[in-house]
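In the numbering used here, the protein residues as written are 17 to 248.
Worksheet for the structure shown next.
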Amino acid sequence: MVRKNREKQKAISLRRRGYSYREILRHIHVAKSSLSLWLKDVDIAEKHHQRLAEKRRQAQLKGAQKRHDQRITLTKKIYADARKDIYELSRRELLLMGVMLYWAEGSKEKEARPGSGVQFTNSDGDMERLFIKWLIEICGVQREDVTCDIYLHQTSKHRTPLVIDYWSQITGFSQDKFTHIYFKKNKIKTSRKNIGDAYYGVVKVRVRASSRLCRKIAGWVHGINQYYWGVV
């Protein structure tokens, strides 16, 4: 009983000095329920309240960092495992990849606008690079027949030289290929996330005199639909 009273007094003293329950339990080996009962009416000075609040904040930060590190490690493993599934790509697979890209993001010929050419617009550099490879290697398009237009928010106008250099490296075209740059007006209130140093605008890849190719791509898309769904 005497020992129990000594432990209780020690716990109360530690609590008044701003120790957390976990810290107290390192010094006094009792059940947490007993500790809660002992300390339920113990007042803590304001400066010790601040200490406890700071410790909780640090614990939350540490927990968040641990979860972040675990997520990064798991993501790297998923990427590495998934990359093993892509070991070799045939010419036919490149053909189909390009068709699906264009089906999703390319311009289509409309009844009211016949004779439309090939146009593909995106902000993803790797996607643009793959599309250009597809145009040249699968569709037989000459590099000189490809033009690139940049669309950039006017708040990033000062970054134009960096943007041109970025897209030049991505596409493999010289910087003088990017002669058409269009600046989009920003709304006063916007929730846009594509800002900052990672923002390089959008590029529209166009092929000169390509209405025939546009129709051929549409035919490939129809072929896929016909194969899977019997759509004519």
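Every residue gets a Cβ at the ideal spot worked out from N, C-alpha and C, and that includes glycine.
Just so you know, these numbers come straight off a predicted model, no measurement behind them.
Would DSSP call Phe189 helix, strand or coil?
coil
Expected contact under 8 Å - CB spacing of Leu51 and Tyr37 to nearest Å
6 Å
Close beta carbons around Ile102, own chain, < 8 Å, minus the five adjacent residues each side:
none
Of the listed residues Arg31, Gln81, Lys48, nearest to Ile60 (C-alpha basis)
Arg31
Residue ranges of each alpha helix (DSSP H) within the stretch 38–66, 4 or longer:
48–55
Member of Arg175, Ala80, Ile186, Asp213 whose CA lies at the smallest distance from the CA of Lys149:
Ile186
Between which two residues does the alpha helix (DSSP H) carrying Ile148 extend?
141–153
Short Cβ contact (9 Å threshold) for Arg129 with Asp165:
no
Inspect the CB distances between the stretch 117–137 and the stretch 83–100 and report whether three or more fall short of 8 Å.
no
Which residues mark the beginning and the end of the alpha helix (DSSP H) in which Arg222 is found?
Here Arg222 belongs to no alpha helix (DSSP H); instead the beta strand (DSSP E) covers 218–223.
Can you check DSSP and say which residues form a bridge with Lys200?
His169
Could you give the uninterrupted runs of the beta strand (DSSP E) lying entirely in the stretch 67–146, keeping only those of 3 residues or more?
135–138
Can you tell me where the alpha helix (DSSP H) with His238 in it begins and where it stops?
227–245
Proximity below 9 Å, CB of Arg224 to CB of Val179
no
Thr176 (DSSP reduced to helix, strand or coil)
helix
For the 8 Å Cβ check, are there 3 or more pairs between the stretch 108–115 and the stretch 140–160?
yes
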